[in-house]
Amino acid sequence: MDQIPTQPPGIDSEAYRPDARARALLRGVQIAEADLRASGGAFDLQQVRTLLRGVSRQRIAKQTRDGGLLAVPGPSNRRYYPTVQFQPDGSVVPGLKAVTEALATRNPWAILNFLVQPDDRLNGRTPIDRLKAGAIGEVVDAARSLHQQGT
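Residues in the sequence shown are numbered consecutively from 207, following our numbering.
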């Protein structure tokens with residue numbers, strides 16, 4: 207990873223080293239991958255249609271646009287749906303839309319990160335676990351609080 211490519215004569219090897227911004231970009235990708243792995247992976251569109259008992263592609267696209275279903279970009283520019291947002295019966299965790307609306311971002315990776323990382327405002331529990339426990343208002347408040355801290 208820190209290998210420096212063989213450079214043409216006259217180019218300083220330090221010129222090839224990624225700067226702080228480039229390293230942060232790479233770190234963001236690594237965090238997104240870790241969040242997705244830690245949350246149980248993701249379903250493709252057909253698997254989500256099966257979980258949601260044959261709901262149309264258009265309905266899934268609308269739910270995703272409206273924030274009621276979380277999709278992250280994946281290979282071949284397809285959407286993938288983190289498994290953590292689904293209940294054991296295949297339904298979407300109640301309150302997901304309210305939480306996504308309360309967050310200051312529409313970046314699906316940032317939303318996933320918020321959902322799966324332990325949060326001090328929730329006594330160290332993850333927002334997704336609190337949603338699954340029915341504590342929607344508590345998680346929405348934590349999401350709003352996160353926005354207020356960033357402003």
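Heads up, the beta-carbon is just placed ideally off N, CA and C, and yes, glycines get one too. Keep in mind it's a predicted model, so treat the numbers as computed, not measured.
Candidates the options: closest to residue i by CA position
| i | options | result |
| --- | --- | --- |
| T311 | A228, L276 and Q252 | L276 |
| N283 | D250, R255 and K303 | D250 |
| A304 | R229, D347 and P224 | D347 |
| V345 | T256, P300, V235 and G260 | P300 |
| A240 | A308, W315, L337 and N329 | W315 |
| V308 | G274, P281, A349 and A339 | The sequence given here places Ala at residue 308; Val does not occur at that position. Nearest option by C-alpha distance: A349. |
| P279 | Q293, R331 and I317 | I317 |
| G414 | R227, P224, G340 and T306 | An answer regarding residue 414 cannot be provided, because it is not within the stretch 207 to 357 covered by the chain. |
Neighbourhood of residue i by C-beta distance below 7 Å, restricted to the same chain and skipping five residues each side
| i | result |
| --- | --- |
| S160 | Coverage of the chain is limited to positions 207 through 357, which leaves residue 160 absent and any answer about it impossible. |
| T289 | S245, G246, G247, A248 and F249 |
| I342 | P300, G301 and A304 |
| V261 | R255 |
Outcome for residue i when other beta-carbon atoms lying within 10 angstroms are tallied against a minimum of 16
| i | result |
| --- | --- |
| Y222 | exposed |
| L242 | buried |
| R259 | exposed |
Three-way DSSP call (helix, strand, coil) for residue i in this model
| i | result |
| --- | --- |
| A248 | strand |
| P300 | coil |
| T357 | Residue confidence is low: T357 scores 45 on pLDDT, short of 50, so the model does not pin down where it sits. No coordinate-derived value is stated. |
| V278 | strand |
| P314 | helix |
| P333 | helix |
| D295 | coil |
| D218 | coil |
| D325 | strand |
| R243 | helix |
| R229 | helix |
| R271 | helix |
Residues near residue i by beta carbon distance below 6 Å, same chain, minus five either side
| i | result |
| --- | --- |
| G187 | Residue 187 lies beyond the range of the chain shown here (207 to 357); nothing can be said about it. |
| G234 | none |
Close Cβ partners of residue i (< 8 Å) along its chain, the five nearest in sequence each way excluded
| i | result |
| --- | --- |
| I334 | S245, V290, Q291, V299, L321 and V322 |
| I217 | none |
| R263 | L251 and R255 |
| P272 | The amino acid occupying residue 272 in the given sequence is Asp; Pro does not appear at that position. Cβ within range, chain order: K303. |
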